[in-house]
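Residue numbers (this note's numbering): 447 to 568. Note that the Cβ used here is the ideal one computed from N, Cα and C, for glycine as well. These notes concern the structure reproduced below.
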């Protein structure tokens with residue numbers, strides 16, 4: 447590992463309270479099931495514009511190796527897509543619950559047209 451990368455990994459490890467020489471391993475699946483904390487992490491990685499679903503596991507493995515953490519197992523891109531879809535549904539349910547519990551909701555919209563093209567904002 448290059449010296450600059452080693453120094454960076456040490457700083458990040460100290461920031462998050464990870465000991466540099468501690469050997470730790472992350473399992474991507476537990477008995478064939480992706481853990482909830484990893485599902486959340488994958489959804490957050492996909493929500494970044496620069497990381498597609500097919501590259502999330504590779505990005506996670508690079509970050510973990512920089513921090514000195516071994517990663518065992520693999521997750522297929524199809525599983526990542528399912529996790530992201532499930533996270534999107536959970537977000538919609540959360541939004542509906544917030545609307546249900548709210549004392550009031552204000553909705554507004556505006557529209558205009560230019561050269562027979564209608565534009566609307568909500």
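Taking residue 486 as reference, the option from 519, 449, 527, 513 with the minimal CA-CA separation is 527.
Going by beta carbons, residue 555 and residue 566 fall inside the 8 Å limit. If you draw a straight line from the Cα of residue 532 to the Cα of residue 510, it comes to about 25 Å.
DSSP places residue 509 in the helix class (H, G or I) of the three-state scheme. Judged by beta-carbon spacing, residue 516 lies beyond the 8 Å limit of residue 503, meaning their Cβ atoms are not closer than that value.
The residues 455, in chain order, have a CB closer than 6 Å to that of residue 512 in the same chain once the five nearest residues on each side in sequence are set aside.
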